[in-house]
Amino acid sequence: MYALALATDYDGTLAENGIVSDATRAALERLKETGRKLIMVTGRELADLESVFPELGIFDKVVAENGALVYTPASKEERILAPAPPAEFVDRLMMRKIAPLSIGRSVVATREPNETIVLEVIKDLGLELEIIFNKGAVMVLPSGVNKATGLAAALEDLELSAHNVVGIGDAENDHAFLRAVGFGVAVANALPKVRETAGHVTNGARGAGVRELIEGLISHDAALLDTARQRIKIGADDGSGAVMHLSPRGGGVLLAGTSGIGKSTLATALTERFVEQGFQFCVLDPEGDYEDLEDVLVVGDAKSPPSSREIFDLLSKPSNNVAVNMLGIKTAERPNAFAKLLPELAALRARTGRPHWLIIDEAHHLLPHARDGTSFALPKSFSATILVTVHPDLVSRDVLAGVDTVLALGPEADKVIESFCAAIGEGVPQGVVPPPENKVLYWNRSTAGPARPISIERPRQERKRHIRKYAEGDLGDNSFYFRGADGRLNLKAQNLMMFLHIAEGIDDRTWEHHLRAGDYSAWFRDQVKDQGLAEEAAVIEDDDSLDPHRSRAAIAEAVHRRYTAPAD
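Each step along the sequence shown adds one to the number in the UniProt record's numbering, with nothing skipped, and position 442 is 442.
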């Protein structure tokens with residue numbers, strides 16, 4: 001399920017003339033049986049609500065007093081979110097003989113046209129209070145308190161995101177919370193402006209409209225929520241100018257291309273879109289490439305493997321985005337560690353709908369073809385999952401079968417799509433040719449359309465060199481091996497610091513062999529991916545005047561300057 005909760009107004013929406021029909025109560029119970037949460041969001045005071053709707057226990061949360069109070073029917077717990085009305089304000093209204101007048105925990109309520117007097121009193125006393133209207137009702141609350149803020153507090157208790165909530169209402173005070181949820185709906189009897197705010201208007205009025213929405217939720221779930229609020233813009237079609245989107249209800253996304261072509265840059269740009277739209281994301285990061293990402297909490301580092309408990313403690317709060325740095329896990333053990341983590345992530349998604357997006361870097365390593373079938377417990381769907389890889393042909397076939405969108409980068413982008421199609425046994429789409437420079441080849445399988453070049457916005461945050469990854473991490477197959485001229489040695493340097501440590505202790509003959517063969521500059525360029533360091537090393541390698549001691553010192557100085565010097 002993607003739509004995990006229904007948030008509904010009471011008067012004029014759920015109820016007609018203050019009464020909820022038997023048919024509407026039965027519909028609420030059917031929705032509850034699907035495992036979804038029910039949240040009432042009302043301007044009424046709690047005691048008044050309980051008197052007209054004694055079946056309040058069917059709801060998981062009640063947001064009352066227009067957002068000032070959250071009530072949990074199961075435990076009878078009340079949480080006040082706003083201060084009590086100022087005594088002087090209440091006294092002054094009574095002196096002005098305002099009627100009707102109701103004083104709640106935080107709200108002060110009356111009816112039109114008393115708002116004129118209420119506003120005069122607020123100005124006279126210099127209070128920071130707001131007047132909120134509701135089809136003739138006049139409510140006064142502290143500034144910034146409304147149904148949206150109250151709903152946010154209730155969702156925090158339930159560990160749910162507003163993206164996974166469908167809301168329905170009818171009146172002026174419903175605007176805020178209908179804008180806040182993933183899909184806002186107005187009943188047919190709603191005010192014209194409320195119908196404009198909502199993404200959908202029911203055919204039925206009041207309870208009939210709520211029942212109509214409930215049936216749609218049960219039948220269609222995420223398809224009902226496939227609106228602009230849920231989609232992520234990724235770029236524009238160079239030919240038509242049409243905007244391309246990713247949807248969390250669609251299948252997986254394959255982001256692939258040759259090494260160093262910009263996959264991490266594009267993934268970073270997507271995380272910025274997630275943040276802008278309030279989607280929670282989690283990055284599975286085998287090589288520490290995302291530890292400097294903005295708006296992200298990092299678990300694990302080169303010396304400490306990530307803690308599962310810490311990961312899920314952080315993800316329990318919808319506003320937290322998490323990068324799982326796996327550098328502290330040996331390269332060969334990372335797929336097993338990921339395999340243990342994946343079911344927990346799937347269970348969290350099933351319960352809360354979050355994290356909304358997963359980014360799995362080095363997907364060919366964490367989800368290898370060799371682990372297809374019963375040896376690897378794969379989820380039934382990889383929706384809203386971005387697989388980043390250099391080798392799509394090495395990714396699990398079961399996983400690739402769930403990919404809906406391919407984003408292929410670089411001059412060999414056409415070969416990426418061809419490799420993907422060969423892996424899943426599908427024909428290559430039309431238009432698969434290398435894209436123009438700085439373009440990405442976009443292909444959506446579900447639309448059966450051609451592959452097309454699109455322009456992608458670069459991220460605001462420029463990618464930084466991930467120093468700790470190369471300085472202290474485990475580069476696995478990309479490690480340097482000191483073997484010597486006759487191949488008798490097999491000393492593995494899995495990172496730059498280990499490289500310097502071994503270099504300091506090996507014999508001069510072995511050091512000179514690799515130096516004169518240009519092996520150091522080649523490793524820096526091809527595996528550490530530091531062109532500047534490679535160029536410095538090449539100069540040292542070509543300088544015959546340097547003895548082993550001086551050439552060691554020169555290369556060590558270049559590495560330390562780039563990887564251990566204090567940050568600017």
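Note that beta-carbon positions come from the ideal geometry of N, C-alpha and C, so glycine has one too. Note that the structure is a prediction, hence the values are computed from the model and not measured.
| Query | Result |
| --- | --- |
| Buried versus exposed, by CB contacts within 10 Å (16 or more), M94 | exposed |
| Sequence-distant residues of its chain with Cβ nearer than 6 Å to E536 (five each side left out) | A558 |
| Whole-angstrom C-beta distance between H175 and V194, which should lie under 8 Å | 6 Å |
| Which of helix, strand or coil DSSP assigns to A74 | coil |
| Inter-residue Cα distance where the pair is H364 and F274 | 24 Å |
| Those runs of the alpha helix (DSSP H) which lie wholly inside the region 387 to 435 and span at least 4 residues | 397 to 400 and 413 to 424 |
| Other residues of its chain near L297: CB distance less than 8 Å, five sequence neighbours each side excluded | L314, N320, N321, V322 and A323 |
| Residues of its chain near residue 600, where Cβ-Cβ distance is below 7 Å and the 5 sequence neighbours each way are ignored | No answer is possible for residue 600: the residues shown for the chain start at 1 and end at 568. |
| Where the beta strand (DSSP E) through P453 begins and ends | R452 to S455 |
| Counted within 10 angstroms of its Cβ, other Cβ atoms place H220 as buried (16 or more) or exposed | exposed |
| Straight-line gap, N173 to A451 (C-alpha atoms, nearest Å) | 46 Å |
| Local Cβ density within 10 Å of Q280, reported as buried at 16 or more and exposed below that | buried |
| Counterpart residues of S102 in DSSP-defined beta bridges | A109 |
| Strand pairing of L38, partner residues [DSSP] | L6 |
| Where the alpha helix (DSSP H) through F338 begins and ends | R334 to T352 |
| Element boundaries [beta strand (DSSP E), containing D292] | Careful: D292 lies outside any beta strand (DSSP E) and carries neither H nor E. |
| Straight-line Cα distance separating T447 from I424 | 17 Å |
| Buried or exposed (CB count within 10 angstroms, at least 16 for buried), R334 | buried |
| Within 8 Å, strictly: CB atoms of L266 and V399 | no |
| Alpha carbon of E310 to alpha carbon of S304, nearest angstrom | 12 Å |
| Helix, strand or coil at T385 according to DSSP, with G and I counted as helix | strand |
| Span of the alpha helix (DSSP H), counted from its first residue to its last, around I506 | Counting along the chain, I506 falls outside any alpha helix (DSSP H), and DSSP gives it neither H nor E. |
| Exposure of E504, with buried meaning 16 or more beta-carbon neighbours within 10 Å | exposed |
| From I58, P286, P318 and F59, residue whose alpha carbon lies closest to that of I360 | P286 |
| Stretch-stretch touch, CB-based, cutoff 8 Å, three pairs: the region 62 to 75 with the region 27 to 43 | yes |
| Element boundaries [alpha helix (DSSP H), containing L224] | Premise fails: L224 is in no alpha helix (DSSP H) and is neither H nor E. |
| Straight-line gap, A553 to G532 (C-alpha atoms, nearest Å) | 17 Å |
| Contact under 8 Å by Cβ, G402 with G251 | yes |
| Member of N325, R354, R483 and G104 whose CA lies at the smallest distance from the CA of L158 | R354 |
| Selected residue, minimal CA-CA separation from L225, among A137, V428 and L6 | L6 |
| A554 in three-state terms, based on DSSP | helix |
| Straight-line Cα distance separating P306 from Y481 | 28 Å |
| Residue burial classification, N438 (beta-carbon count within 10 angstroms, cutoff 16) | exposed |
| Alpha-carbon spacing of S419 relative to V283, whole angstroms | 25 Å |
| Which of helix, strand or coil DSSP assigns to R195 | helix |
| L213 to T202 span [Cα, whole Å] | 7 Å |
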